[in-house]
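One structure below.
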Amino acid sequence: MSKRIALFGGSFDPPHLGHKALVDTALQTLKIDEVWVIPVGLPVHRQLSGKASNQDRLYWLTAMFADTLDVRIMDWEINQNTPTPAIATLRRFKAENPSITPLWLMGMDSFLGMPHWVEFPQHQDVCNVAVFTRKGSPIHAQTYGWRLVEANQQPQQAGHMCWLDVDLPHISASQIRENPRIHSQGLHQDTCNAIVSCYASDDTTPNKREKHE
901 MSKRIALFGG SFDPPHLGHK ALVDTALQTL KIDEVWVIPV GLPVHRQLSG KASNQDRLYW
961 LTAMFADTLD VRIMDWEINQ NTPTPAIATL RRFKAENPSI TPLWLMGMDS FLGMPHWVEF
1021 PQHQDVCNVA VFTRKGSPIH AQTYGWRLVE ANQQPQQAGH MCWLDVDLPH ISASQIRENP
1081 RIHSQGLHQD TCNAIVSCYA SDDTTPNKRE KHE
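As structure tokens, this is what we get:
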């Protein structure tokens, strides 16, 4: 029987406990065997802060999930020299794992922006999606063509979506970037000092700092 794989992409600029809580919740709630975390190299729709290098973000993610055996940190997009849209990553996954329909994990903000993603709605041919909403928040009525199923149902066919109304921590990467010392409680203990040092620095040139190879 094929493994059930979820994909979680993002800038992770920086990675924080909100990201970890989402992944942990997915493993506990959804019918999946693994989560593959895929940090971007060059984003399509936004810019990175310029504080952390690609190697920094990859290293921090690896450290944060070091004790979670069902999580893999993938360098697919980090190693690209051009912006990599989600559809390209999904097609690569499908080419390497033709028998698996991946489940793409995302927050509500990402889902609302999905119609503007490169080549949407072709994503509906290669994956399903799970959308995490803040507990108690109103569920968005629009599904943008995805076929709605319950969270405990994970069809093998692509094109389905489910809502997850969960109590995730209110942690923002932008808040951490703006004032990392005040918001350091949102960081994993194994990465906290390095992230605070990185984002508190006025030096925005990543290659001037020690990199994690």
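Our numbering puts the sequence shown at residues 901 to 1113.
Every residue gets a Cβ at the ideal spot worked out from N, C-alpha and C, and that includes glycine.
Predicted, not measured: the structure shown is a model, and the values here were computed from it.
Test: residue i CB closer than 7 Å to a CB of chain C
i	result
Lys951	Going by chain labels, chain C is absent from the structure shown, which holds only one protein chain.
The beta strand (DSSP E) enclosing residue i, as first and last residue numbers
i	result
Ala1051	Note, Ala1051: premise wrong, no beta strand (DSSP E); not H, not E.
Asn1028	Asn1028 to Arg1034
Leu1003	Leu1003 to Gly1007
Between the CA atoms of residue j and residue i - distance to the nearest angstrom
i	j	result
Gln928	Ile1071	20 Å
Thr1104	Lys951	Confidence at Thr1104 is low in this model, with a pLDDT of 48, below 50, so the placement of that residue should be treated as unreliable; the coordinate-derived value is given next. Their backbone Cα atoms lie some 5 Å apart in a straight line.
Ile932	Thr982	31 Å
Thr968	Thr1043	32 Å
Gln1075	Leu948	14 Å
Ala906	Ala1100	33 Å
Lys1108	Gly1059	Its pLDDT being 36, under 50, Lys1108 is placed unreliably by the model, and the measurement read from it follows with that caveat. If I take the Cα positions, the gap works out to 44 Å.
Phe965	Val935	11 Å
Met1061	Leu1003	9 Å
Val971	Asp924	9 Å
Thr1033	Ile973	24 Å
His1088	Gln1057	36 Å
Met1173	Ser1084	The displayed coordinates of the chain run from 901 to 1113. Any statement about residue 1173 would go beyond what the structure contains.
Asp994	Arg904	For clarity, residue 994 is Lys in the given sequence; the question names Asp instead. When rounded, the distance between both Cα atoms is 13 Å.
Leu930	Lys920	15 Å
Presumed contact (8 Å Cβ cut-off) between residue i and residue j, rounded CB distance
i	j	result
Phe1011	Val1031	5 Å
Gly941	Glu977	5 Å
Asn899	Gln1054	Any property of residue 899 remains undetermined from this structure, which presents the chain solely from 901 to 1113.
Ile987	His1023	6 Å
Leu958	Asp975	6 Å
Ile1095	Pro914	5 Å
Ala926	Thr1091	20 Å between Cβ atoms; not a contact.
Pro985	Glu1019	7 Å
Limits of the unbroken alpha helix (DSSP H) element including residue i
i	result
Glu977	Neither: Glu977 is in no alpha helix (DSSP H) and is coded neither H nor E.
Ile1095	Cys1092 to Ala1100
Asp1065	From DSSP, Asp1065 is part of no alpha helix (DSSP H) but of the beta strand (DSSP E) over His1060 to Val1066.
Trp960	Asn954 to Met964
Gln1089	That residue, Gln1089, is in no alpha helix (DSSP H); it is neither H nor E in DSSP.
Arg1077	Ala1073 to Glu1078
Where residue i falls: helix, strand or coil (DSSP)
i	result
Phe908	strand
Glu1019	coil
Val944	coil
Ile987	helix
Ile932	coil
Ala938	Rather than Ala, the amino acid found at residue 938 in this sequence is Ile. It is a strand residue.
Asp913	coil
Asp1025	helix
Leu927	helix
Ala1041	coil
His1112	Since pLDDT at His1112 reaches only 35, below the 50 mark, its modelled position is unreliable, and the value read off the structure follows with that caveat. Looking at His1112 - three-state DSSP - the assignment turns out to be coil, as it is neither helix nor strand.
Ser1010	helix
Gly950	coil
Arg992	helix
Cβ pair residue i, residue j closer than 7 Å
i	j	result
Leu922	Val937	no
Phe912	Pro943	no
Ala1051	Leu1064	yes
Phe908	Leu1048	no
Ser1097	Ile1000	no
Gly1086	Leu917	yes
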